[in-house]
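Reading through the structure tokens given below for one structure.
Number of protein chains: 4
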Amino acid sequence: MLIVMNHSASQSDVDAVSEIVREMGFRAEPIPGSERTAIGVLGNHGYVDDTKILDLPGVQRVIHVSKPYKLVSRDFHPENTIVDVAGIKVGQGCRPVVVGGPCAVESEEQIIKTALFVRKCGGDMLRGGAFKPRTGPHCFQGLREEGLKLLAKAGKESGLPIVTEVMSPDNVGLVAEYADLLQVGARNMQNFDLLRELGKIRKPVLLKRGMSATVEEFLAAAEYILAEGNEQVILCERGIRTYETATRNTLDLSVVPLIKEMSHLPIMVDPSHATGKRSLVSPMAKAALVSGADGVLVEVHPEPEKALSDGPQSLTFPGFEQLMCEIKQLTKFLGYC
Amino acid sequence: MLIVMNHSASQSDVDAVSEIVREMGFRAEPIPGSERTAIGVLGNHGYVDDTKILDLPGVQRVIHVSKPYKLVSRDFHPENTIVDVAGIKVGQGCRPVVVGGPCAVESEEQIIKTALFVRKCGGDMLRGGAFKPRTGPHCFQGLREEGLKLLAKAGKESGLPIVTEVMSPDNVGLVAEYADLLQVGARNMQNFDLLRELGKIRKPVLLKRGMSATVEEFLAAAEYILAEGNEQVILCERGIRTYETATRNTLDLSVVPLIKEMSHLPIMVDPSHATGKRSLVSPMAKAALVSGADGVLVEVHPEPEKALSDGPQSLTFPGFEQLMCEIKQLTKFLGYC
Amino acid sequence: MLIVMNHSASQSDVDAVSEIVREMGFRAEPIPGSERTAIGVLGNHGYVDDTKILDLPGVQRVIHVSKPYKLVSRDFHPENTIVDVAGIKVGQGCRPVVVGGPCAVESEEQIIKTALFVRKCGGDMLRGGAFKPRTGPHCFQGLREEGLKLLAKAGKESGLPIVTEVMSPDNVGLVAEYADLLQVGARNMQNFDLLRELGKIRKPVLLKRGMSATVEEFLAAAEYILAEGNEQVILCERGIRTYETATRNTLDLSVVPLIKEMSHLPIMVDPSHATGKRSLVSPMAKAALVSGADGVLVEVHPEPEKALSDGPQSLTFPGFEQLMCEIKQLTKFLGYC
Amino acid sequence: MLIVMNHSASQSDVDAVSEIVREMGFRAEPIPGSERTAIGVLGNHGYVDDTKILDLPGVQRVIHVSKPYKLVSRDFHPENTIVDVAGIKVGQGCRPVVVGGPCAVESEEQIIKTALFVRKCGGDMLRGGAFKPRTGPHCFQGLREEGLKLLAKAGKESGLPIVTEVMSPDNVGLVAEYADLLQVGARNMQNFDLLRELGKIRKPVLLKRGMSATVEEFLAAAEYILAEGNEQVILCERGIRTYETATRNTLDLSVVPLIKEMSHLPIMVDPSHATGKRSLVSPMAKAALVSGADGVLVEVHPEPEKALSDGPQSLTFPGFEQLMCEIKQLTKFLGYC
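Chains as they are written, first to last, in the numbering used here: chain A, 1 to 337; chain B, 1001 to 1337; chain C, 2001 to 2337; chain D, 3001 to 3337.
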């Protein structure tokens, strides 16, 4: 940690800050500059809370060298983590996976038909929402436990592992009974009670990036899960909120190679929620794989125009089949057989 | 709702869309233009889910005239709502209130000392966090139930109503036993299970705006609470996330008069979290009141340099006393006695 | 255009608005709804200035169906535009191009060495800044005309067309003497005098997206150039400013397929400025090509650690060679020989 | 400057970095920590270009302690700058000023009528655009020199100093003949040729914050003007671009007290462009003054519903009169007589 003093800070200000640093159990190393003094803080193991210091007279700002996460950091854990979802391996070096399915489970026919089609095209997992977070209370909120049962049935019939969202700590047990991969939605990325609960289970977790989460906050959220003992976490970029409204969100694809540098966890991309527009899903799914993503989540629906949510971003069956065909060629080109 | 067709959409595209609209139970009124056709949708009561339509051939986009909220809208409820917090009235026409207190409850001495000081200076309510959402798992997370008990004690000794955050649906009952006003933090603005639970209780709720929530999403979140039957909701602007990092968040003060036009609910402002910097708190607290806010939440701590969280944005006791003195003059100037 | 009235607007408000619309020379078609009335405006050719209407009593908002651009729109010009840069074709259906070179021209040796290397690796054009916009006045501002001469020399020796930035209307003539493709930087995307001047020349223009420009503003800026008679415009996505600071900007790659739908103009991508980090340039360059970009601009420098600007985002020679090799395989995979 | 090394950087990496720092003429002071080493750079006068360093093996990031501006900084120039606009003083300690007028000069009658009204209500200066930057080329672009002449006439008849925008370096001389205060619009905040030209004249400049400019970039832009010798610069906050579209821009009012700490230059606020909505202008104008702004710019038009641009955000004459009355009381309350 580095403490930057004001241009006009006095020597006694510097001394007072150094004294507090020592009281906190660290060493203080003043570095006089031509314009101002800075004070290096040495001997800390990990992130130091800076609130006591920022307040002292003469302090301009505090610069952190350590980060608020450690378990998820590649710096301290150089080998790649491979997550195992009911036998499907996800992570650096493995063939990228495709998770397909509707935004929401709507009926037995819809989910089973989709599952079989995803399987037939070569998809790796089935997604579908049973608990749906919706902006307003007057919209369809999901079939809840009934949806989980239908999902499980579709998973069984197709042989695909299933991925579904869990929205509150209470429901972790219930969802974990049915799902092979438990998804935390963007709105819940900092629902810390939920994260802690997921840290205690023995099933893998798919953590979506919050709508306005920085990469650092994203990794710190994953740290909550790892800190409780569950290391089977897949990160997922799904677009961030920016001033641009031409797409539903702004897909921040550069974080894929960046997060691979910063962390050992796998990262997937959801081009459906990111763009919100069917015609953009395939180009961005392929771009994601080329940028190094360990997989993609793609919405597909037998009749998107009748979908109860997110129809406009769902691929049709022929669209999904076409994308799967292109992905197969692309992953082959990228060196996976 | 208005459906805008592509320049190149055919008459049969227009007919097909009109047909679907009619199947949904509405009237369709094509409006041919010189460049393209639009189709007016008539007869809907409230927001219409547009997913079935966006997908049809020839459709460019759908424009909503109705909003995803109604109960919170001034359009449908022109009179101001006055929220009663243990006898303190909050809302348009009432004297603006000041809620003071530390970010987190840390000890009995700290919270009682602060409560008595807030009371002495003329503050209206006591705030303090018992359950603390923190970015990383390795930071202080609050005293939890023990913190609630200390808060209640401080409330009793000072005679001030208490305001504290509730982070999960499970804890609503527990927090409601102690708090006079239950706060939903920015990270939980779209924790819909929590909102629904708060809609079922008989205590008022302070709903903070999410870090990247639009005004529309903010009001739709409040709608969740009202839809369950609890109309005692106070909104709170606390800064939004933007590209600017010179302040902790960007205080979006213009939404104060804007939300007063759009909704009948009271709105308060939290200049401490918005700016993150002690020296900016007083100017922005006063600016908030002049812009029409029904109150402000201000962090104050006996020893900010020793605070376990958010010290740099907490006022000292002398700073709070000075602000309260200025606020008294200002509210008098604004016509409240 | 659609005019949405307030819930409480009276019939005489509707009549008054309709009257003004007619005075503007259009037809007004009231569409009464169950909650509020909307008024369709018919007969307009292109974008209508809404300022006279927004102000009338009872008007809630105005929704534009037409856009502030037309010449750049695919709706009115379905065939792809192919831009010819000294014989190199850029646009949909052509082999994607690679523009390589340093951020700034620094010396004869540096630029010639780079030009020859770019050529040797198979690059299509040479980039290099002679006029440099820099945040502060105390930084290196470019070699100016001397830089143009060195660029021209390097272009001649390598046989590569050259691309360089023009910063003010005065300099358009000068830069056009040397450059084959004139670049408008992000900071000047809305320097309308500059755009108009570029519309009058007979050389192609590379228009970079402004740091916080929407897709609509981006296309409207291009419209300024086309409106003056120059249709040889290449758009360039170079990252937008968002709350995320882990990368220099946020590369908004989804706009590549989106702009291809909205406009007939070619679009390139600059992954160097977008990410600001060398290790992210290659993954994002390849992702850009897969998403459909007509080319990429990549910074390369013989000694990035000695570069006078943007060293950290410049590829080294071996890095550029490696990328070119991968791009060749990728474009072959994408169907270009 | 502080150079942070990777966790895994070797001693020879640290030595190599230190060596380069010494070659640049500074001292290098390694600060070994428990997790990683940092290297303090001493002896620099002002901002150091970090590109040579960021590239070296083992370097994680570089942290700047100095800023890219100095002349505008309060650290180096503690006394407030008072700007004199034809006899009207603007700056800390002076009575806040009100600049009123239409967005654009449209006709002699319009501008003179407005000027006389602004004067009658107690306004201090007259604003009006002669050169108008507009998103699309098909909109009204201003009366240009004819507009300047009408402005000058209105200034003469009303006795008010005039404020108008200059859009390109060529026009600085022309505009300076007529204007008392030359405005740089948000789109041109980083038009460095224009800034340099304005640094050479002897008239004051009103510099508007760019749509997505950080406070640091804003001050660095002002530095361009001061660096050329013109110290008469007034800064102006006019809203920034964020994800929120309920207002035209997001008024970032917290920067008023913040910039007062960082710089000695005066700062004004433009609530008309910031909010884009007439009903929000007065509350935000008053909030700006309470937050410490040295003045406000307010759009007023005799017939806003007929304005050629920005009608919806222009006050009517009665609205302006009412605001001026409230501002007079408020400035009196704030201690100015």
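Glycine included, C-beta positions come from ideal geometry on N, C-alpha and C.
Taking just the CA atoms, how far does Val3296 of chain D sit from Ala3287 of chain D? 10 Å
Under DSSP, the alpha helix (DSSP H) around Val256 of chain A begins and ends at which residues? Val255 to Met262
Taking the DSSP output, what are the residues bridged to Met1125 of chain B? Its beta-bridge partners are B:Val1099.
Is Arg3238 of chain D buried or exposed, if buried means 16 or more other CB atoms sit within 10 Å of its CB? buried
Close-in-space but distant-in-sequence residues of the same chain around Ser3309 of chain D (CB under 7 Å, 5 per side omitted): Cys3103, Ala3104, Lys3132 and Phe3140
Take Met3125 of chain D as the anchor and find which of D:Thr3316, D:Phe3317 and D:Glu3299 has the nearest alpha-carbon. D:Glu3299
Which partner residues of Gln183 of chain A appear in the DSSP bridge assignment? A:Glu165 and A:Leu206
For Cys3236 of chain D, which residues does DSSP report across the bridge? D:Lys3208 and D:Met3268
Between Thr2242 of chain C and chain B, is the shortest Cβ-Cβ distance under 8 Å, so that the two count as touching? yes
Contacts that Lys52 of chain A makes with chain B (C-beta to C-beta distance below 7 Å): Glu1305, Lys1306 and Gly1311
Along chain D, which residues have their Cβ under 8 Å away from the Cβ of Leu151 of chain A? The premise fails here: Leu151 of chain A is roughly 33 Å from chain D at the closest Cβ pair, so nothing lies under 8 Å.
Residue of D:Glu3106, D:Val3184, D:Lys3208 and D:Leu3150 minimising C-alpha distance to Tyr3178 of chain D: D:Leu3150
Taking CB distances under 8 Å as the criterion, tell me whether Thr2316 of chain C reaches chain A. no
Nearest to Arg3144 of chain D by CA position, among D:Thr3135, D:Gly3155 and D:Gly3128, is which residue? D:Gly3128
Output the distance between the C-alpha atoms of Arg1061 of chain B and Thr114 of chain A, rounded to the nearest integer angstrom. For the pair Arg1061 of chain B and Thr114 of chain A, the Cα-to-Cα distance works out to about 27 Å.
Comparing alpha-carbon positions, which option in A:Val99, A:Leu265, A:Ser263 and A:Gln110 lies nearest Cys121 of chain A? A:Val99
Of all the options B:Gly1087, B:Asn1249, B:Pro1304 and B:Leu1330, which has the alpha carbon lying nearest to the alpha carbon of Pro1318 of chain B? It is B:Pro1304 whose Cα lies nearest to the Cα of Pro1318 of chain B.
Partners in chain B for His2007 of chain C, counting only beta-carbon separations shorter than 7 Å: Asp1075
Which of the three DSSP states is assigned to Ile2201 of chain C in this structure? coil
At the 8 Å Cβ level, is Gly210 of chain A part of the contact set with chain C, yes or no? Under the Cβ distance rule, Gly210 of chain A does not count among the residues neighbouring chain C, no pair being separated by less than 8 Å.
Out of B:Val1172, B:Phe1218 and B:Glu1223, state which residue places its alpha-carbon closest to the alpha-carbon of Leu1198 of chain B. B:Val1172
CA-to-CA distance, Pro3283 of chain D to Lys3328 of chain D, given in whole angstroms: 14 Å
Are Val3255 of chain D and Val3215 of chain D closer than 8 Å when you measure CB to CB? yes
Selection from C:Ala2152, C:Ala2220, C:His2007 and C:Gly2142 that minimises the alpha carbon distance to Met2262 of chain C: Of the listed residues, the one whose Cα sits closest to Met2262 of chain C is C:Ala2220.
Mind checking whether Leu1330 of chain B and Ala3246 of chain D have CB atoms under 8 Å apart? no
Quick one: list the residues of chain B neighbouring Thr2245 of chain C, beta-carbon separation under 9 Å, in chain order. Tyr1243 and Thr1245
Reducing DSSP to helix, strand and coil, say where Thr3051 of chain D ends up. helix
Go to Val2175 of chain C, then tell me how far its alpha helix (DSSP H) extends in each direction, as first and last residue. Counting along the chain, the alpha helix (DSSP H) containing Val2175 of chain C begins and ends at Val2172 to Tyr2178.
Note the first and the last residue of the continuous alpha helix (DSSP H) segment covering Gly3295 of chain D. First-last for Gly3295 of chain D: Gly3295 to Glu3299, but that is the beta strand (DSSP E), not the alpha helix (DSSP H).
As assigned by DSSP and simplified to three states, the class of Glu1109 of chain B: helix
Beta-bridge partners of Pro1030 of chain B, as assigned by DSSP: B:Ile1039
Interface residues of chain A facing Asp1252 of chain B [CB-CB closer than 7 Å]: Chain A residues near Asp1252 of chain B: none, gap ~14 Å exceeds 7 Å.
Quick one: list the residues of chain C neighbouring Thr3135 of chain D, beta-carbon separation under 7 Å, in chain order. Pro2068, Glu2217 and Ala2220
What are the residues that DSSP puts in a beta bridge with Val1062 of chain B? B:Ile1003
Can you confirm whether Arg1187 of chain B, when its beta carbon is compared against all beta carbons of chain A, has any partner nearer than 8 Å? yes
Could you have a look at Thr135 of chain A and say whether DSSP puts it in helix, strand or coil? Reduced to three states, the DSSP call for Thr135 of chain A is coil.
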